[in-house]
Amino acid sequence: MASYPLHQFQALAMGLEVSGQPFLWVVRPDSINMPLQEALPPGFIDRTKDRGLIISWGPQLLILSHPSIGGFFTHGGWNSMIENISIGSVPMICFPHAAEQRLNRVLMSDMWKIGLRLKHRDDGFVQKEEVARVTGDLFHGKEATVLTNSLKHLGEMVKKAAAEGGSATKNLCEFCWAFSIRLGHA
Numbered sequence: 074m075a076s077y078p079l080h081q082f083q084a085l086a087m088g089l090e091v092s093g094q095p096f097l098w099v100v101r102p103d104s105i106n107m108p109l110q111e112a113l114p115p116g117f118i119d120r121t122k123d124r125g126l127i128i129s130w131g132p133q134l135l136i137l138s139h140p141s142i143g144g145f146f147t148h149g150g151w152n153s154m155i156e157n158i159s160i161g162s163v164p165m166i167c168f169p170h171a172a173e174q175r176l177n178r179v180l181m182s183d184m185w186k187i188g189l190r191l192k193h194r195d196d197g198f199v200q201k202e203e204v205a206r207v208t209g210d211l212f213h214g215k216e217a218t219v220l221t222n223s224l225k226h227l228g229e230m231v232k233k234a235a236a237e238g239g240s241a242t243k244n245l246c247e248f249c250w251a252f253s254i255r256l257g258h259a
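For the sequence shown, this note's numbering begins at 74 and goes up steadily by one.
Right under this line is the structure:
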């Protein structure tokens with residue numbers, strides 16, 4: 074979960090609005106230090122009510138696997154990224170906040186080609202125009218097909234590794250066996 078200063082939160086909102094894309098935005102109450110209505114730019118809800126929905130919580134896997142979802146704006150946390158990959162779901166936009174999230178952004182955008190990164194100023198601030206541009210690129214840019222195909226391929230690899238006889242399953246079994254030997258239960 075990420076929290077941002079008010080000016081960044083408002084730039085994200087305005088970028089979503091300018092993008093023209095439909096959206097579902099999960100804004101946890103503890104991610105902003107004031108009521109949502111006060112944090113959003115004036116008139117935002119009215120201007121986006123026909124194409125946007127803001128909720129305080131949502132079942133991430135169910136949302137990401139729904140056919141109407143076409144992209145995932147994420148802080149780049151490992152669990153969020155892996156959940157999305159494991160269901161071979163949707164390309165991502167990564168806006169890292171802390172910890173390993175910057176490294177995950179490199180994996181996502183540069184190595185695995187399953188997401189896009191936002192360009193930011195030297196102080197880390199991302200402008201609304203950049204949010205709108207990258208959101209548009211995710212759906213309509215030249216990378217959109219590459220992102221979708223890469224994500225499907227990576228999702229298939231994960232499913233194969235997790236299946237019976239797959240590398241992840243074998244490694245987990247070997248770990249459990251070695252652990253049980255150390256505990257004297259083998």
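Note that beta-carbon positions come from the ideal geometry of N, C-alpha and C, so glycine has one too.
Just so we're clear, the structure is a prediction, and the values are computed from it rather than from any experiment.
Beta-carbon proximity check, L137 vs S159, cutoff 7 angstroms
no
Would you mind reading off the limits of the alpha helix (DSSP H) that contains G125?
Per DSSP, G125 belongs to no alpha helix (DSSP H); it is in the beta strand (DSSP E), G125 to I128.
Rounded separation between M165 and V91 - CA only
18 angstroms
Count the CB pairs spanning the segment 181-189 and the segment 211-224 that are closer than 8 angstroms, and state whether there are at least three.
yes
Could you spell out where the beta strand (DSSP E) holding R190 opens and where it closes?
G188 to R190
With DSSP collapsed to three states, give me the class of I166.
strand
The beta strand (DSSP E) that contains V99, what's its start and end?
F96 to V99
Outcome for G131 when other beta-carbon atoms lying within 10 angstroms are tallied against a minimum of 16:
exposed
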